[in-house]
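In this note's numbering, the protein residues as written are 466 to 860.
Structure, rendered in structure tokens:
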């Protein structure tokens, strides 16, 4: 059976650096084409990054994104590959989250999002459903954009508009946005399964290299079909995911209708037993995921300021012990020598011997450069400066 190769990509993104992002997208399109892909999909707002906040509100920012999109179109005009690229689109003093579909040097169409408030996107985009029909036709704006390859029907849809698709037997290309927490993968999987009951769905979420001061992003790629995930990479999967789908992948066989059982159920008398750990269960895999999210966030910050070292305050308590584990994991991810983590303990008369010793033991066990600075005399001098005797402890 003949197949079509589709690809999803979450290349390295620098927030607001449209020039660099365009270069990375162009390279990725060429790589996907070289590896036989006929379609490649990028995340929502991949040309700008999705953490630009109120900068999205400036139309010239969207105009700049469009300028660099034209550059990508020109530099990939010889390539026989459809590319779906997320970017902000300005129209009549409003900005929309959208995606451009390009092919062999042409802008085939533009799909616009619903303007929903998204996790990780602090700017509220306009709702494209308010654009009149005449303006849609004139500017080639679509809520969904359809095209076909050898009889297989594709539909590009931005964000959660995918849940409103009623047609069957399409391959849905879905640039999307989400932030990562320790249970977000499971939620995305459930959505993918739900939306693929009638179609094949390829969803791609922003690169973890976009992670900024507020959020960590997932670099998550999901292909789902007939209510099941058939291929997945990530979270935190760099590069390109490829999936081979048969021609007429939407399926010549009509999937069975899924009928929700709405029969009433008598109120249960069962008394629910609440978990002692409602937020994080005892599953070690969830702890690993939480540590990965924190270490990737820290890694992005360290790289952004081009720091060669990490300075860590360590007290010997639980909070600083967790910070030490995250710093240790970050250094390993970055191939940074563990001795480049400077762990500083600053004991005083408020410190117990136990926590003081714990700070030193944890630091040396993890291979950090441990330093101890006793601040007892400094604190006494501060008390004297503010007229506090130091003997009053119940103020």
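Just so you know, even glycine gets a beta-carbon here, dropped at the ideal spot from N, CA and C.
Computed from a prediction, not measured in an experiment: that's the story for all the values here.
Have a look at 637, 515, 631 and flag the residue whose alpha-carbon is nearest the alpha-carbon of residue 473. Position 8 of the chain shown, counted from the start, is the residue given in the question as residue 473. Checking every option, the nearest Cα to that of residue 473 belongs to 637.
Which residue wins for smallest C-alpha separation from residue 563, given the options 777, 555, 569? In the chain shown, the residue the question calls residue 563 occupies position 98. When each option's Cα is compared against that of residue 563, the closest is 555.
Does the structure place the stretch 782-798 close enough to the stretch 821-840 that three or more beta carbon pairs sit under 8 Å? The answer is yes - the stretch 782-798 touches the stretch 821-840, with three or more Cβ pairs under 8 Å.
Looking only at its own chain, which residues have a Cβ that is under 6 Å from the Cβ of residue 626, when we skip the five neighbours before and after it? On the chain shown, residue 626 is found 161 positions in, with the first residue counted as 1. The answer, listed in chain order, is 579.
Residues near residue 754 by beta carbon distance below 7 Å, same chain, minus five either side: In the chain shown, residue 754 corresponds to position 289, counting from 1. Counting only Cβ-Cβ distances below 7 Å, and skipping sequence neighbours, we find 647.
Can we say the stretch 762-782 touches the stretch 804-815, given the rule of at least three CB pairs closer than 8 Å? The answer is yes - the stretch 804-815 touches the stretch 762-782, with three or more Cβ pairs under 8 Å.
Quick check: the Cα distance between residue 549 and residue 512, rounded to an integer number of angstroms? Position 84 of the chain shown, counting from 1, holds the residue named residue 549. Position 47 of the chain shown, counting from 1, holds the residue named residue 512. Between the alpha carbons of residue 549 and residue 512 lies a gap of roughly 11 Å.
What do you reckon, are the CB atoms on residue 683 and residue 699 nearer than 7 Å? Counting from one through the chain shown, the residue named residue 683 turns up at place 218. Counting from one through the chain shown, the residue named residue 699 turns up at place 234. Using a Cβ distance threshold of 7 Å, residue 683 and residue 699 count as a contacting pair.
How far does the beta strand (DSSP E) with residue 552 in it extend, from its first residue to its last? Within the chain shown, the letter at position 87 stands for residue 552. Where residue 552 is concerned, the enclosing beta strand (DSSP E) starts and stops at 547-556.
Give, in chain order, every unbroken run of the alpha helix (DSSP H) that is at least 4 residues long and sits entirely within the stretch 467-519. Listed in chain order, they are 483-499.
Within 10 Å of its beta-carbon, does residue 711 have 16 or more other beta-carbons around it, so buried, or fewer, so exposed? Position 246 of the chain shown holds residue 711. Exposed, because fewer than 16 other Cβ atoms sit within 10 Å of the Cβ of residue 711.
Can you give the Cα-Cα distance for residue 819 and residue 786, rounded to whole angstroms? As a first step, residue 819 must be located in the chain shown, where it is residue number 354. As a first step, residue 786 must be located in the chain shown, where it is residue number 321. Rounded to the nearest angstrom, the two C-alpha atoms are 14 Å apart.
Which residue marks the beginning of the alpha helix (DSSP H) containing residue 637, and which one marks its end? Position 172 of the chain shown, counting from 1, holds the residue named residue 637. Not the alpha helix (DSSP H): residue 637 falls in the beta strand (DSSP E), residues 636-640.
Does DSSP classify residue 682 as helix, strand or coil? Locating residue 682 in the chain shown gives position 217, where the first residue counts as 1. Reduced to three states, the DSSP call for residue 682 is coil.
Residues in the same chain with beta-carbon distance under 6 Å from residue 778, minus the five sequence neighbours each way, listed in chain order, please. Within the chain shown, numbered from 1, the residue matching residue 778 stands at position 313. Excluding residues within five positions, the ones whose Cβ falls inside 6 Å are 809.
In angstroms with no decimal places, state the Cα-to-Cα distance between residue 639 and residue 800. Here the question's residue 639 lines up with position 174 in the chain shown. Here the question's residue 800 lines up with position 335 in the chain shown. As the crow flies, the alpha-carbon of residue 639 is around 34 Å from that of residue 800.
Can you grab the Cα-Cα spacing for the pair residue 575 / residue 507, in whole Å? The residue you call residue 575 lines up with position 110 of the chain shown. The residue you call residue 507 lines up with position 42 of the chain shown. About 14 Å.
Any chance the stretch 609-616 sits against the stretch 646-663, with 3 or more Cβ pairs inside 8 Å? In this structure the stretch 609-616 does not touch the stretch 646-663; the number of beta carbon pairs closer than 8 Å is below three.
Please say whether residue 666 and residue 689 have beta carbons closer to each other than 7 Å? Position 224 of the chain shown, counted from the start, is the residue given in the question as residue 689. Position 201 of the chain shown, counted from the start, is the residue given in the question as residue 666. Yes.
Under the rule that 16 or more other beta-carbon atoms within 10 Å means buried, what is residue 629, buried or exposed? Residue numbering aside, residue 629 sits at position 164 when the chain shown is read from its first letter. Burial state of residue 629 is exposed, judged by a 10 Å Cβ sphere holding fewer than 16 other Cβ atoms.
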